[in-house]
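These notes concern the structure reproduced below.
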Amino acid sequence: MHESQHVESHFTASELVRDIVIGMSDGLTVPFALAAGLSGTTAPTALVVTAGLAEVAAGSIAMGLGGYLAARSDAEHYASERGREEAEIVSLPEREREEVAHVFRDYGLTDLQIEPILAAFENNRPAWVDFMMRFELGLEEPDPRRALRSALSIAGAYVAGGLIPLAPYMVVVQTRTGLLWSTVVTLVALLVFGYIKGRFTGTRPLRSAAHTMMIGGLAAGAAFLIARIFSSG
């Protein structure tokens, strides 16, 4: 009898996907709010586009720098904690043995079953440290190239998202008309972005699309009202 092979399919959102989500979400909302706020004044479309592009440039740099510093901070934290664990294995081996045993007891192993594992770790201290980092502290070793990749991914996604609400202003004459079309394309972009995000993260795409459009729309609307208040004042 032919037995069908069971294949499990799991997806964990990668760091790249998270970076793109962060950059794209902000890129779609902040430039839209700025352009929308200026649309309520007598500013011509050329000024709206110029101000919007300046914001996209500044925002992408700021967001990229934030991603870079966050990734560097994670790497430095990991290195610091690893150094501490390596020192404690040398200076406090009995306490570290007990911490390992405690982890395995939570999985139902007896002390007799745990003892060979402890002996193996004592003969392989790098593996011992790896175990403590992952199962005691819950830390995974970060990719050394993560900081630069994160900066470029977030900044690039911010630029891509920011150009969408500005595009209508580049092809129309009246700022009010530009605002109308900018609102439409931004909401559609949020809907499409949410759908794609749902496909990549393993959630229901339609639900993700609706949720992203609703949250992004509320954020853009709030930012628009704030921009209008300041521009009218």
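Under my numbering, the first residue of the sequence shown carries the number 2, and numbering increases by one thereafter. C-beta: ideal position from N, C-alpha, C; glycine also.
Asked                                                                                              : Found
THR111 burial status per 10 Å Cβ neighbour count (16 or more: buried)                              : exposed
Selection from ALA220, LEU192, ILE216, LEU219 that minimises the alpha carbon distance to LEU207   : LEU192
Contact between the region 75-83 and the region 134-153 (3+ Cβ pairs under 8 Å)                    : yes
Best match in PRO127, ALA52, VAL91 for proximity to ALA34 [C-alpha to C-alpha]                     : ALA52
Three-way DSSP call (helix, strand, coil) for GLN114 in this model                                 : helix
Which of helix, strand or coil DSSP assigns to TYR108                                              : coil
Rounded straight-line distance, which links the Cα of GLY84 to that of GLU105                      : Note that residue 105 corresponds to Phe in the displayed sequence, not to Glu. If you take the alpha carbons of PHE105 and GLY84, they lie about 23 Å apart.
Limits of the unbroken alpha helix (DSSP H) element including MET25                                : 16-40
ALA152 and GLY38 closer than 8 Å at C-beta                                                         : no
Opening and closing residue of the alpha helix (DSSP H) in which PRO169 lies                       : 147-172
Same chain, Cβ closer than 8 Å to LEU48, neighbours up to 5 away in sequence not counted           : LEU39
Uninterrupted alpha helix (DSSP H) stretches inside the region 44-118 (no shorter than 4 residues) : 46-92, 94-107
Best match in ASP144, GLY199, SER209 for proximity to ALA80 [C-alpha to C-alpha]                   : ASP144
contact_flag[the region 166-183, the region 84-96] where n(CB pairs < 8 Å) is 3 or more            : no
Top-ranked residue by Cα proximity to ARG98, from SER154, PRO117, GLY65                            : PRO117
Three or more C-beta pairs below 8 Å linking the region 54-65 and the region 124-136               : no
Sub-8 Å separation of MET25 and ALA168 beta-carbons                                                : no
Beta-carbon spacing of ALA102, ILE115 below 8 Å                                                    : yes
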